[in-house]
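The structure under discussion appears below in the form of structure tokens.
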Amino acid sequence: MAYKTFAAIDVGSTDVSMKIFEITAKKGYRQLDYVSNIIELGSDTYADGYISQESVDKLCDILSRFAKKMREYGTTEYSAYATSAVREAKNNLMVLDLLKLRTGIEVKILSNSENRFLMYKGLAVKSEHFEKIVEKNTAIVDIGAGSIQISLMNNGKLTATQNIPIGVLRVRERLKFFHFDMVHQERVMEEFIANEIDTFKHYYLGEKEIKNIIAIGDETEKMIQIVPELSIEDNLNEKQLNVILKKLLSKTPSDLAAEYKIPYERATLLLPAAMIYSIFLRQSKADLIWTPNIDLCDGIIVDEMERTKKLSFKRNFEDDIRSSVLQIAKRYRCNKEHNVNVSQIACQIFDKTKKIHGLKSKARLQLEIAATLHDCGKFINMKGAGFHSYSIIMSTEIMGLSHKEREEIANIVKYNSIPLPDYRELHGETGDGEYMTIAKLVAILKVANAMDRSHKQKASAYNIVIKDKQLVITIDTLYDLALERGLFDDKAEFFLRVYGIKPVLKQKRSV
Numbered sequence: 000m001a002y003k004t005f006a007a008i009d010v011g012s013t014d015v016s017m018k019i020f021e022i023t024a025k026k027g028y029r030q031l032d033y034v035s036n037i038i039e040l041g042s043d044t045y046a047d048g049y050i051s052q053e054s055v056d057k058l059c060d061i062l063s064r065f066a067k068k069m070r071e072y073g074t075t076e077y078s079a080y081a082t083s084a085v086r087e088a089k090n091n092l093m094v095l096d097l098l099k100l101r102t103g104i105e106v107k108i109l110s111n112s113e114n115r116f117l118m119y120k121g122l123a124v125k126s127e128h129f130e131k132i133v134e135k136n137t138a139i140v141d142i143g144a145g146s147i148q149i150s151l152m153n154n155g156k157l158t159a160t161q162n163i164p165i166g167v168l169r170v171r172e173r174l175k176f177f178h179f180d181m182v183h184q185e186r187v188m189e190e191f192i193a194n195e196i197d198t199f200k201h202y203y204l205g206e207k208e209i210k211n212i213i214a215i216g217d218e219t220e221k222m223i224q225i226v227p228e229l230s231i232e233d234n235l236n237e238k239q240l241n242v243i244l245k246k247l248l249s250k251t252p253s254d255l256a257a258e259y260k261i262p263y264e265r266a267t268l269l270l271p272a273a274m275i276y277s278i279f280l281r282q283s284k285a286d287l288i289w290t291p292n293i294d295l296c297d298g299i300i301v302d303e304m305e306r307t308k309k310l311s312f313k314r315n316f317e318d319d320i321r322s323s324v325l326q327i328a329k330r331y332r333c334n335k336e337h338n339v340n341v342s343q344i345a346c347q348i349f350d351k352t353k354k355i356h357g358l359k360s361k362a363r364l365q366l367e368i369a370a371t372l373h374d375c376g377k378f379i380n381m382k383g384a385g386f387h388s389y390s391i392i393m394s395t396e397i398m399g400l401s402h403k404e405r406e407e408i409a410n411i412v413k414y415n416s417i418p419l420p421d422y423r424e425l426h427g428e429t430g431d432g433e434y435m436t437i438a439k440l441v442a443i444l445k446v447a448n449a450m451d452r453s454h455k456q457k458a459s460a461y462n463i464v465i466k467d468k469q470l471v472i473t474i475d476t477l478y479d480l481a482l483e484r485g486l487f488d489d490k491a492e493f494f495l496r497v498y499g500i501k502p503v504l505k506q507k508r509s510v
């Protein structure tokens, strides 16, 4: 049977790991090998803002050994991603360049939202109970070294996600500042952690009751390892968590490392992790914490299989992104009927002009999101709503989108209501966004928005065709389109400048 191998590499904040998978046409993928090395890059970044040369040298050595392991398996295809420790380091570009030159492995930085979405993909595919669990109100708690990501699901849909800067490394470093006994340390840190979680609960949970918690993080497996007498399998309750917490408070990291064969660096992170889980479980009043053994490498292989269309999954991950965006629109009281209509028109135009714009499918999703959120800034002030919408989108994490993609969406929304300046005028102001991607999607959104300027969804159907250098849009309606026609021509001129074809509005009056 023909097969190939693929390597998933995670350059994390506390360790660097690699999984090698076998991919076959019929059976999908299976794990062949797993290697991991402890290296606390996060300690450098969170303390000094830079990754030290000593850590860079050690990281190069680890990745060189990974490259050797890949050659043993004949692996040529891989994805290597770095998370918060490298992302937040001021010298990250220099570090990545050195890694490529010394090891031959190109490491890419994941935004927080991309990182968490890959973890989510791995969880949704690998956990056999996932779909059943998330039918009820569920919080996915992803504890990292620098932060916690809490994602809420209800009726199987992703409804909200929020990042809180209280990861295990940050909590551990704070513990060092307190020279009290363990009881006082526990009390002080509980107040610190509880305040952050309580704030999240106030804004995003309200009166909702969480039924399940899914815990993702490297420390959950080690926490369970220190209580073999409890025979914990894939979930734990508050009573069991209290037993774990009590044991962690009674032993030093050195004792834990020696007794349970846990790397010392990992042992130092177990108490902060247990504290976070304990407080969240108590405050949310959930019944159980589910503990699937999931890591970033599992998400990387799922993403690879989805991207290359080698395997189809029951869950549509783009629908999760759409679901969370709809919740953002709801929070800022967007006009749902108008935005859905504009989104549908915009996507129809995108599909009909594929050969002209040359954009990838992810751009279609960006356009859909921009249409859904294009008037969210009116929640702040109707004057200058485009600028306010830009600020809201740039300040709101959308799980599954890179920073660049989110920045492009924010600019598309901003320049939907005001003229898009020349590239030379705008150079640098679009951040990481690509000017032509923004221009092409702005042109479509302007036309789509003009077609429902009255917010009355006047059309019963649209027919869009390209004919004689014109984009002919025929609206089936008995309504008067005077308002739409008045604004359409102005928007059509910009579309013509971008695409070289002019949109033309026609009306069909069906009886």
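Numbering (numbering that gives the first Met the number 0), first residue to last: 0 to 510.
All residues carry an ideal CB built from backbone N, CA and C; glycine is no exception.
Please read all numbers here as calculations on a predicted model, not as lab measurements.
Below 7 Å, is the gap between the Cβ of residue i and the nearest heavy atom of the ligand HEM?
i, result
"residue 95", "Of ligands this structure carries none, so the ligand HEM is not represented either."
Cα separation between residue i and residue j?
i, j, result
"residue 119", "residue 338", "28 Å"
"residue 478", "residue 458", "8 Å"
"residue 143", "residue 74", "29 Å"
"residue 212", "residue 468", "55 Å"
"residue 25", "residue 122", "22 Å"
"residue 66", "residue 327", "42 Å"
"residue 215", "residue 293", "7 Å"
"residue 196", "residue 83", "20 Å"
"residue 277", "residue 199", "16 Å"
"residue 0", "residue 139", "For residue 0, the predicted model reports a pLDDT of 48, less than 50, meaning its position is unreliable and no value from the coordinates is stated."
"residue 201", "residue 61", "43 Å"
"residue 313", "residue 329", "27 Å"
"residue 72", "residue 21", "10 Å"
"residue 225", "residue 16", "22 Å"
"residue 524", "residue 379", "Outside the modelled stretch of the chain, which goes from 0 to 510, sits residue 524, for which no answer is possible."
"residue 265", "residue 271", "11 Å"
"residue 80", "residue 424", "34 Å"
"residue 486", "residue 112", "37 Å"
"residue 307", "residue 154", "29 Å"
"residue 54", "residue 40", "7 Å"
For the beta strand (DSSP E) that residue i lies in, which residues bound it at each end?
i, result
"residue 36", "27-37"
"residue 102", "It is not in any beta strand (DSSP E) - residue 102 instead sits in the alpha helix (DSSP H) that spans 91-102."
"residue 20", "14-23"
"residue 261", "No beta strand (DSSP E) contains residue 261, which DSSP labels as neither H nor E."
"residue 353", "Segment 353-356 is the alpha helix (DSSP H) holding residue 353; no beta strand (DSSP E) there."
"residue 162", "156-163"
"residue 470", "469-475"
"residue 147", "147-153"
"residue 504", "501-507"
Considering only C-alpha positions, which residue in the set the options is nearest to residue i?
i, options, result
"residue 13", "413, 218, 6, 470", "218"
"residue 148", "336, 279, 130", "279"
"residue 498", "29, 85, 269, 353", "353"
"residue 192", "167, 95, 30", "167"
"residue 301", "315, 289, 290, 288", "315"
"residue 261", "288, 281, 222", "222"
"residue 160", "476, 397, 11", "397"
"residue 141", "4, 364, 275, 331", "275"
"residue 311", "95, 35, 124, 156", "124"
"residue 33", "155, 18, 43", "18"
"residue 420", "81, 245, 435", "435"
"residue 30", "447, 399, 297", "297"
"residue 496", "481, 485, 442", "442"
Following the continuous alpha helix (DSSP H) through residue i, name the residue where it begins and the one where it ends.
i, result
"residue 361", "360-372"
"residue 83", "83-86"
"residue 133", "It is not in any alpha helix (DSSP H) - residue 133 carries neither H nor E in the DSSP assignment."
"residue 398", "Unbroken run through residue 398: none, as it is neither H nor E."
"residue 334", "Where residue 334 is concerned, there is no enclosing alpha helix (DSSP H), given that its DSSP letter is neither H nor E."
"residue 4", "First-last for residue 4: 2-10, but that is the beta strand (DSSP E), not the alpha helix (DSSP H)."
"residue 62", "52-71"
"residue 489", "481-498"
Please tell me whether residue i and residue j are closer than 8 Å, where the distance is taken between their beta carbons.
i, j, result
"residue 524", "residue 415", "What the structure shows of the chain is the stretch from 0 to 510, and residue 524 is not part of that stretch, so it cannot be assessed."
"residue 165", "residue 146", "yes"
"residue 208", "residue 114", "no"
"residue 471", "residue 505", "yes"
"residue 78", "residue 7", "yes"
"residue 492", "residue 449", "no"
"residue 288", "residue 241", "no"
"residue 511", "residue 239", "Past the boundaries of the shown model lies residue 511; the chain is included only from 0 to 510, so the question cannot be answered."
"residue 341", "residue 481", "no"
Any C-beta of chain B sitting closer than 8 Å to the C-beta of residue i?
i, result
"residue 416", "As a matter of chain content, chain B is missing from the structure shown, which is built from one protein chain."
| request: Just list the alpha helix (DSSP H) runs in the region 413-460, keeping only unbroken ones of 4 residues or longer that don't cross its boundaries, in chain order. | output: 422-425, 434-449
| request: Could you pull out every unbroken alpha helix (DSSP H) segment of at least 4 residues lying fully inside the region 197-225, listed in chain order? | output: 217-224
| query | Mind pulling the beta strand (DSSP E) runs of 3 or more residues that sit fully within the region 248-300? | reply | 287-289
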